[in-house]
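S.K.: All you need for my numbering is the position in the sequence shown, starting with 1, plus 4.
A virtual CB, placed ideally from N, CA and C, is assigned to each residue, including glycine.
In this text the structure is predicted, and so the values were computed from the model without any measurement.
Quick one: this structure, given as structure tokens, is what I'll be asking you about.
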Amino acid sequence: MALIGERYAKVISDLTYDWKQRIKILRNIVVIQLFGLKGVDKTFHIAEPKNMPKDLKAGPYGYMAKGVSVIPRVEIGKYVMFSPEVLIVGGDHCKDIPGVPMIFSGRPETPKTVIEDDVWIGARAIIMAGVRIGRGAIIGANAVVTKDVPPYAVWAGNPAREMKRRFENQKDIAIHQKMLDGSAKSGKYAGKKTGGEQKLSGCFTCHN
């Protein structure tokens with residue numbers, strides 16, 4: 005409890021965040037402590053932490069909606085969004101032992117799964133253990149991802165495959181890469197375009 009108190013005091017006195025952001029961070033700190041999620045950043049919001057393994061690693065300014073379930077050995081970058089009911093699965097069973105039912109055959113070691121920076125995963129998508137989803141990628145709703153996804157690719161389907169690229173030219177990619185290479189920070193997000201302009205609203209994370 006003393007550790008929580010110290011972290012509370014730091015957040016309350018930190019003028020980097022407005023009061024709404026501070027409340028959200030304080031809630032996250034409590035979740036991290038209560039569920040032993042030491043590898044999760046204080047700005048990463050988990051709607052249902054009971055479904056998270058204690059070795060989860062998650063970077064700043066991310067979000068997990070309700071119903072998300074994650075297996076051990078998962079690493080998540082910054083600015084990552086999980087829509088409702090996303091599953092990272094793959095707790096496999098040994099299936100090549102003659103004379104032994106699979107239910108009693110034991111499990112091989114779970115491979116590491118990596119979700120890089122600025123990834124958006126759509127509702128009810130399934131990510132198989134051991135894949136790497138590259139920076140800036142988008143995974144469509146209900147997709148089943150069974151292999152690595154390149155950076156800035158938009159994948160959908162079962163099994164998931166590339167549908168398009170998020171950026172059309174190298175200049176846009178370079179601009180985005182430069183932003184992601186910098187320090188993680190809260191910022192503003194663009195609303196709907198109206199008359200050639202974008203209305204900007206302050207946000208902690210867009211869903212948070």
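PRO53 to MET132, Cα distance in whole Å?
M.R.: In the sequence shown, residue 53 corresponds to position 49, counting from 1. In the sequence shown, residue 132 corresponds to position 128, counting from 1. Approximately 20 Å, taken between the alpha carbons.
S.K.: Excluding the 5 residues preceding and the 5 following ALA129 in the sequence, name in chain order all residues of the same chain whose CB lies nearer than 6 Å to its CB.
M.R.: For the purposes of this step, residue 129 is identified with residue 125 of the sequence shown, where counting begins at 1. The answer, listed in chain order, is VAL90, ILE143 and ALA147.
S.K.: For LYS168, report the span of its beta strand (DSSP E) as first-last.
M.R.: The residue given as residue 168 occupies position 164 in the sequence shown. Residues 165 to 169.
S.K.: What does DSSP give as the partner residue(s) for TYR67 in the beta ladder?
M.R.: Along the sequence shown, one-based indexing puts residue 67 at 63. Bridge partners of TYR67: HIS49 and MET85.
S.K.: I'd like the list of long-range same chain contacts for ASN162, defined as Cβ closer than 6 Å, with 5 residues on each side in sequence excluded.
M.R.: Counting from one through the sequence shown, the residue named residue 162 turns up at place 158. Taken in chain order, the residues that qualify are VAL148.
S.K.: Within its chain, find whatever has a CB closer than 6 Å to the CB of GLY138; leave out the 5 residues flanking it on each side and keep chain order.
M.R.: One-based indexing of the sequence shown puts residue 138 at position 134. Taken in chain order, the residues that qualify are GLU120, VAL153, PRO154 and PRO155.
S.K.: Where do the N-terminal and C-terminal ends of the beta strand (DSSP E) with MET56 fall, by residue?
M.R.: To locate residue 56, count along the sequence shown from 1; it is residue 52. First-last for MET56: undefined, no H or E at that position.
S.K.: Assuming MET167 and ALA160 form a contact by the criterion Cβ under 8 Å, report the distance between their Cβ atoms to the nearest whole angstrom.
M.R.: Locating residue 167 in the sequence shown gives position 163, counting from the first residue. Locating residue 160 in the sequence shown gives position 156, counting from the first residue. That pair is a contact at about 5 Å.
S.K.: Let me know the secondary structure DSSP gives ILE179 once reduced to three states.
M.R.: In the sequence shown, the residue the question calls residue 179 occupies position 175. Note: ILE179 maps to helix in three-state DSSP.
S.K.: Go ahead and label MET68 buried or exposed: buried means 16 or more other beta carbons lie within 10 angstroms of its beta carbon, across all protein chains shown.
M.R.: As a first step, residue 68 is located in the sequence shown; it is residue number 64 there, counting from the start. It counts as buried.
S.K.: My output table needs one value for VAL123: the three-state DSSP class, helix, strand or coil.
M.R.: Within the sequence shown, numbered from 1, the residue matching residue 123 stands at position 119. Coil at VAL123, not helix or strand.
S.K.: Thinking VAL72 and THR117 are a contact (beta carbons under 8 Å), I'd like their distance in whole angstroms, please.
M.R.: Here residue 72 is taken as the residue at index 68 of the sequence shown, counted from 1. Here residue 117 is taken as the residue at index 113 of the sequence shown, counted from 1. The pair is not a contact, with the Cβ atoms about 13 Å apart (cut-off 8 Å).
S.K.: Could you please give me the residues that DSSP links to SER187 through a beta bridge?
M.R.: If you number the sequence shown from 1, residue 187 lands on position 183. Its beta-bridge partners do not exist; DSSP assigns none.
S.K.: I need the straight-line Cα distance from HIS97 to VAL104, nearest angstrom please.
M.R.: Here the question's residue 97 lines up with position 93 in the sequence shown. Here the question's residue 104 lines up with position 100 in the sequence shown. Spanning the two alpha carbons is a distance of roughly 11 Å.
S.K.: Less than 8 Å between CB atoms is the rule here; does GLY126 satisfy it with respect to chain D?
M.R.: Protein chains in the displayed structure number just one, and chain D is not present.
S.K.: Looking at the structure shown, is LEU41 part of a helix, part of a strand, or coil, going by DSSP?
M.R.: The residue labelled residue 41 in the question sits at position 37 within the sequence shown. Correct three-state label for LEU41: coil.
S.K.: Measure the Cβ-Cβ separation of GLY94 and ILE80 and say whether it is below 8 Å.
M.R.: In the sequence shown, counting from the first residue as 1, residue 94 sits at position 90. In the sequence shown, counting from the first residue as 1, residue 80 sits at position 76. No, they are not a contact pair.
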